[in-house]
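Mapping the sequence shown onto my numbering, position 917 (from 1) lands on 924, and the numbers just tick up by one.
Comments concern the structure below.
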Amino acid sequence: MSAAPPGPQPVVFELPPLRFGVPGLQGSEIKLVTCQLEFFADQFPVLRQMEGSLGLPFPGKDASDPSQNRLSFITLSGQNWRVDGFPEAAAIGVSNDLRVVDLDAFDLDLLSGSLLSFTSTELGNGQLSTMFTVTGGVRGVFTADTLFDEDNNGAFGFATAGSFSWNLADFPTFVLDSVEFSGRLKLGGSSGFALLGVDANGIPDTDPNSLAKVRLLNLPNLFQLSPQTPFEVEVNGALGSPDFIYFGLQNARFVFDGVADENNFEPAFSVQSLGFREGTQLALLGQELLPLRLTAGSVMFLTPGLPLNQLFAPTNLLFTVSGEVNVSLSSPDAESPDVPRLFGAVENVQIGLPNGYAGLPNFSLNTFALTLENLSIGDLAGLSGGLAVGNLQNPEELYFAGTVGGGFNGVAVKAIVATRLDGLIGLCLKANAGPAGIPLDGGSLGGILLTGAEGGVYFGNQFGDPCDFKTFLNLNEDGTPPDAVVPAPSLAAFRAPKRVSPAPSVWTGPRVSDLPVLTWAELAEMQARHEEEKALRETLRREAPDYFQTLRATAENGVARRALKSETGGAEVPCPTGDCPPATLNLLCQRHPSVAEAPSPENYDGAYRERVIFKFSSLDRETVDMILEAANIDVSGSAADVAGQFTDATMVFIDSLIPRPPAGMPAEQAAGINAFIDNSLAAMRDALAGTTQLALQAAAGEGRTPLEAIYEAAYAGVPCVDVTIQLKGTFSWTPISAALSATGGAVVSTTGSAGILGSVNLFGIPVGTGEFFYSLTDTNGLPNPSLCGGVRVALGPLALGHLDATLGCDECVTGTLEALATFINNLSGDVLAQAEPIIRAFIQDAAGHRLGDTSSLPLTAFFGPPGSGALLSQPEQVSVLAALLNLPDVARFLEANPDAATDFNREALLLLGQHTLALILEIYNRSNPRLAMCGEVDPKLFGFSLTGGNTLVGA
């Protein structure tokens, strides 16, 4: 037995069961089964070793009604309690869960391990007010038939942390900022509606990992609601059935502010987007009954906090839809693959209404397609094909492109067509009569057959195959869309019909030579050639002063003139790369002047940088002002009158800039050129008048003045109209028509290119194909011609080899004429004084019949590239150039025959001939003629080499 501690000892009494309340806390109750009462000489008596329970009052559904209060009990074990009714410790541990909210479908518990404390206040009249506070873990539990948790196969619950305080005189207080819970839930029990997550557009998401989320915000305000202290419930989720339909809410908020009247409903509701998704049974029902189905969608409010009368304004709405078209075109078994159908689908397409319901919408999707299968109409059997709708993001340039094929009385037929709202883009018709064919010779030659034919027309601004569906959609060779947004058909960089790479969405290079993508080997070869050409130019510059002496010496000795070349020899020519034919433009067309500019307010943020327009049709503001002033046009008149007057004046201005055929040209040829120019100007006038009138009519609604509308319409330019026509036929001979045939055809385009195409077909499969194209212009519509072509030999998946060739000369014509103009401009001093009579004689000989007396005009007025306003036409300048380039030989002749010069001073001829070397050097520096041929013999099967190597030939 241990000794008692030193000092005075308390007196201890064992007490019988007791019952009492906490002072100042009405309705509380302490029930003790056993306890000890200790008396100390110097302190308050204390109840120790307590065993019993503490009952605390908690509010019912109405905290202001004491009759609804209920007791929740805490087990007491070992606590010390002062006889004044309060615990000895500042806080005691809660040993069991404590029910705070007890509703029919929802319970809220303070969890065991929480801390309980009391705070008392003297009221001044001898009364005491006590507040109790429980701080710790909180758990909310819904009944299973209210909110079912599929993961736990039972009632759904959530846990958080916080505190609860109440003194019974005031409303209870929650110190709990927010509660968030989520899960795979069902409303109304295990067979009720499912609660799902939603995606970023508010559309129900059926992914099992996507969970509905609910947040309870500002819980401390729950018992003191006001507009400044609201309580909110935020919902992100969808409710529905997998068999029927789901409805989704994104950032939906129910706001309780304690104020309810006819202008402020309780709770206030706001939502960022509303969505839906169909379930399985509804989808099956729709497939059977509805040709066009929206499978999912949402309505998003761009500014969700607006008042209700502004919330649904069209400019505040963003629609997102997913849907499909699936039309059975006859009544047989719907599961049969032979049932004719029209079907297609889109996913998460967003539609905005920036200009209200009456304006044009904005689309996030640019292109979608529909497919037709197995439709028969009379003698047309098995019609199948597709329809693509493009440029949805630019409704003014909306276009449709489709292809459909089938059989007609044993002949296979196919049609391709593309159109915009304002006109046709192109079309193509194909027919295949099979081995039987159509006799062309009446049998006299043993049966020459036409077994197939095709032909088409295309109105794009670049060379394109009207019988290739990808031409109208700007697709890659494998049928996939390009990275860039599909451009408007009238403005697109459409593709060449054979072996092309995707055209750039924005033109960044001025010449055809910039288009090919070189390999490292080709780059090294080009660099070597550049170094050799640089050495050659240095040689010319270094030896030019002695060149005339060299000519004289070689003539006296009867030795051929020596050739100047690099000691290292010529570089190997790289294999042809890039498009064949290259991108070309109509001689009367050009790329928009803003093509190489960064977007800015001056160029209308680059809105027209990809446009191909008639030359000179893009006018700056100064030119527009000049035209308006010269024609005395009042822009305040009617849109039709102002547009007509401005267009007429503009066409006179543009017509004055286009050179006409020279007087010496044959009449029939000149008439043809003039007719082409006049027809183009007429088409330009109609287009300009229409766009200007539309711009003027829309100006008032857009808050712009008529002058501002004219400025933009004039700056935009007139889209250029081109035509590409292709005709092809397939021929055979009766004895071999089942196995062998040949295809031949031609294609010609106003874009500046023409070509011939052909193939040899074995059982309808091309085994040898060839093509040859001639391009008159370059990518800028300038007359720099080129040739290209190729031959392929293959049998189905077995490829045997190919041969490609290209002949081109970048800036051969324009560069040569620029060099001639530079040469003339640089003549000065004694050289100009002595050479001018000779040059004027050349000019008179080339164009005197057309220009008459030209002696009063400066030499520089006669020369220049296309579009410079030079008085001499291109052929006339070339005639003068030929005479100048012949002067070195003339000079050599005069050295040998001093008395031969009669019309001009002999020294003047020798001097001009010597300086003509500078002209030769300038032409060499400005032009880049090239001929490249490259072939390969390498049998391949499905792309895999059968020889382990190849045989190459290049030139």
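All C-beta atoms in this analysis are idealised placements derived from N, C-alpha and C, irrespective of residue type, glycine included.
Because the structure is a prediction, the values reported are computed rather than measured.
(request) May I have the straight-line CA-CA distance separating Y406 from V619, to the nearest angstrom? (result) Mapped onto the sequence shown, residue 406 falls at position 399. Mapped onto the sequence shown, residue 619 falls at position 612. Each residue's alpha carbon lies about 18 Å from the other.
(request) Tell me the start and end of each unbroken beta strand (DSSP E) in the region 49 to 128 that is at least 3 residues and wholly inside, in chain order. (result) 53 to 65, 77 to 84, 105 to 109, 113 to 117
(request) Count the other C-beta atoms from every protein chain shown that fall within 10 angstroms of the C-beta of V19, then say buried if there are 16 or more, exposed otherwise. (result) For the purposes of this step, residue 19 is taken as the residue at position 12 of the sequence shown. Exposed, since its Cβ has fewer than 16 Cβ neighbours within 10 Å.
(request) Helix, strand or coil for F165, going by three-state DSSP, please let me know. (result) Mapped onto the sequence shown, residue 165 falls at position 158. Residue state, collapsed to three classes: strand.
(message) For L39, report the span of its alpha helix (DSSP H) as first-last.
(response) Here residue 39 refers to the residue found at position 32 of the sequence shown. Per DSSP, L39 belongs to no alpha helix (DSSP H); it is in the beta strand (DSSP E), 36 to 46.
(request) State buried or exposed for G708, treating a residue as buried only when at least 16 other CB atoms are found within 10 Å of its CB. (result) For the purposes of this step, residue 708 is taken as the residue at position 701 of the sequence shown. Exposed, since its Cβ has fewer than 16 Cβ neighbours within 10 Å.
(request) Check each candidate in V145, G244, V328, Q279 and name the one with the smallest Cα separation from M307. (result) As a working note, residue 307 is residue 300 in the sequence shown. Ranking V145, G244, V328, Q279 by Cα distance to M307 puts Q279 first.
(message) With H, G and I counted as helix, E and B as strand and the rest as coil, what does DSSP make of Y615?
(response) Within the sequence shown, the letter at position 608 stands for residue 615. DSSP places Y615 in coil when its eight states are reduced to three.
(request) Label D212 either buried or exposed according to how many other C-beta atoms from any shown protein chain fall within 10 Å of its C-beta, with 16 as the threshold for buried. (result) Sequence index remark: in the sequence shown, residue 212 carries index 205 (1-based). Counting Cβ neighbours within 10 Å, D212 comes out buried, since at least 16 surround it.
(request) Kindly give me the distance between the Cβ atoms of R146 and L122, rounded to whole angstroms, as I take these residues to be in contact under 8 Å. (result) Translated into positions along the sequence shown, residue 146 becomes position 139. Translated into positions along the sequence shown, residue 122 becomes position 115. With a Cβ gap of about 16 Å, R146 and L122 do not count as contacting.
(request) Using beta-carbon positions only, say whether S625 and G777 come within less than 7 Å of one another. (result) The sequence position of residue 625 within the sequence shown is 618, counting from 1. The sequence position of residue 777 within the sequence shown is 770, counting from 1. No, Cβ-Cβ distance for S625 and G777 is not below 7 Å.
(message) Which of the three DSSP states is assigned to G708 in this structure?
(response) The residue you call residue 708 lines up with position 701 of the sequence shown. DSSP places G708 in coil when its eight states are reduced to three.
(request) Check whether the region 696 to 707 touches the region 676 to 685, counting contact only when three or more Cβ pairs, one atom from each stretch, lie closer than 8 Å. (result) no
(request) May I ask you to report which of helix, strand or coil DSSP gives F660? (result) Counting from 1 along the sequence shown, the entry for residue 660 is found at position 653. Helix at F660.
(message) Here's the rule I'm using: 16 or more other beta-carbon atoms within 10 Å means buried, otherwise exposed. How should V424 be labelled?
(response) Here residue 424 refers to the residue found at position 417 when the sequence shown is read from its first residue. The residue in question, V424, is buried, as its Cβ has 16 or more Cβ neighbours within 10 Å.
(request) Identify which residue in G613, N87, F653 has its Cα closest to the Cα of T630. (result) Walking along the sequence shown from the start, residue 630 turns up at place 623. That would be F653, whose Cα lies nearest to the Cα of T630.
(request) Would you kindly work out how many angstroms separate the C-alpha atoms of E617 and A603, rounded to a whole number? (result) Here residue 617 corresponds to residue number 610 of the sequence shown, with the count starting at 1. Here residue 603 corresponds to residue number 596 of the sequence shown, with the count starting at 1. Computed Cα separation, rounded: 10 Å.
(request) Drop a sphere of 10 angstroms on the beta-carbon of V513, count the other beta-carbons inside from all chains shown, and report buried for 16 or more, exposed for fewer. (result) As a position in the sequence shown, residue 513 is number 506, starting the count at 1. Because V513 carries a pLDDT of 32, less than 50, the predicted location of this residue cannot be relied on, and the following value inherits that uncertainty. Label assigned to V513: exposed.
(request) Give a yes or no on whether the C-beta atoms belonging to S60 and F47 are separated by under 7 Å. (result) On the sequence shown, position 53 is the one that residue 60 refers to. On the sequence shown, position 40 is the one that residue 47 refers to. Cβ distance not < 7 Å, so S60 and F47 don't count as in contact.
(request) Would you please state the rounded distance, in angstroms, between the beta carbons of S189 and L154? I believe it to be under 8 Å. (result) Taking the sequence shown and counting its residues from 1, one reaches residue 189 at position 182. Taking the sequence shown and counting its residues from 1, one reaches residue 154 at position 147. About 12 Å; that fails the 8 Å criterion.
(message) Using the three-state DSSP reduction, which class does A753 fall into: helix, strand or coil?
(response) Counting from 1 along the sequence shown, the entry for residue 753 is found at position 746. Strand at A753.
(message) On the criterion of 16 or more Cβ atoms from any shown chain inside 10 Å, does D116 qualify as buried, or is it exposed?
(response) Translated into the one-based positions of the sequence shown, residue 116 becomes position 109. Buried: at least 16 other Cβ atoms inside 10 Å.
(request) Flag this pair as yes or no: are the beta carbons of G244 and I210 separated by less than 7 Å? (result) Along the sequence shown, read from residue 1 onward, the residue named residue 244 stands at position 237. Along the sequence shown, read from residue 1 onward, the residue named residue 210 stands at position 203. No.
(request) In the DSSP assignment, find the unbroken alpha helix (DSSP H) run with L855 in it and report its ends. (result) Here residue 855 refers to the residue found at position 848 when the sequence shown is read from its first residue. It should be noted that the sequence gives Gly, not Leu, for residue 855. First-last of the alpha helix (DSSP H) with G855: 836 to 858.
(request) Determine the closest residue to A97 out of Q86, G459, F263, with distance taken between C-alpha atoms. (result) Your numbering for residue 97 matches position 90 in the sequence shown. That would be Q86, whose Cα lies nearest to the Cα of A97.
(request) Going by DSSP, name the residue or residues bridged to M138. (result) For the purposes of this step, residue 138 is identified with residue 131 of the sequence shown, where counting begins at 1. DSSP lists T126 as partners of M138.
(request) Using only alpha-carbon positions, find the residue among E187, K193, Q597, P215 that is nearest to R222. (result) Numbered from 1 along the sequence shown, position 215 holds the residue referred to as residue 222. Looking at the Cα atoms, E187 is the closest of the given residues.
(request) Buried or exposed for T41, please, with buried defined as at least 16 other CB atoms from any protein chain shown within 10 angstroms of its CB. (result) Within the sequence shown, the letter at position 34 stands for residue 41. When all chains shown are included, T41 counts as exposed.
(message) In this structure, how does DSSP classify S782 when only helix, strand and coil are distinguished?
(response) Position 775 of the sequence shown, counted from the first residue, corresponds to residue 782. It is a strand residue.
(request) Identify the continuous beta strand (DSSP E) that holds T180 and give its terminal residues. (result) For the purposes of this step, residue 180 is taken as the residue at position 173 of the sequence shown. Per DSSP, T180 belongs to the beta strand (DSSP E) from 180 to 182.
(request) Compare the Cα-Cα distances from V242 to each of Q235, L203, P234, G330 and report the closest residue. (result) What you label residue 242 is simply residue 235 of the sequence shown in a count that begins at 1. Selected option, being the one with the closest Cα: L203.
(request) Report the rounded CA-to-CA distance for D641 versus Q733, giving the unit in angstroms. (result) Here residue 641 corresponds to residue number 634 of the sequence shown, with the count starting at 1. Here residue 733 corresponds to residue number 726 of the sequence shown, with the count starting at 1. Approximately 47 Å, taken between the alpha carbons.
(message) Rounded to whole angstroms, what is the Cα-Cα separation between K437 and C474?
(response) In the sequence shown, residue 437 corresponds to position 430, counting from 1. In the sequence shown, residue 474 corresponds to position 467, counting from 1. One C-alpha to the other measures close to 8 Å.
(request) Go ahead and pull the three-state DSSP assignment for E157. (result) Here residue 157 refers to the residue found at position 150 when the sequence shown is read from its first residue. Reduced to three states, the DSSP call for E157 is coil.
(request) Tell me whether H599 is buried or exposed, calling it buried when 16 or more other Cβ atoms sit within 10 Å of its Cβ. (result) By one-based count along the sequence shown, residue 599 stands at place 592. Buried, since its Cβ has 16 or more Cβ neighbours within 10 Å.
(request) May I ask you to report which of helix, strand or coil DSSP gives M8? (result) As a first step, residue 8 must be located in the sequence shown, where it is residue number 1. Bear in mind that the predicted position of M8 carries a pLDDT of just 46, short of 50, making it too unreliable to give a figure here.
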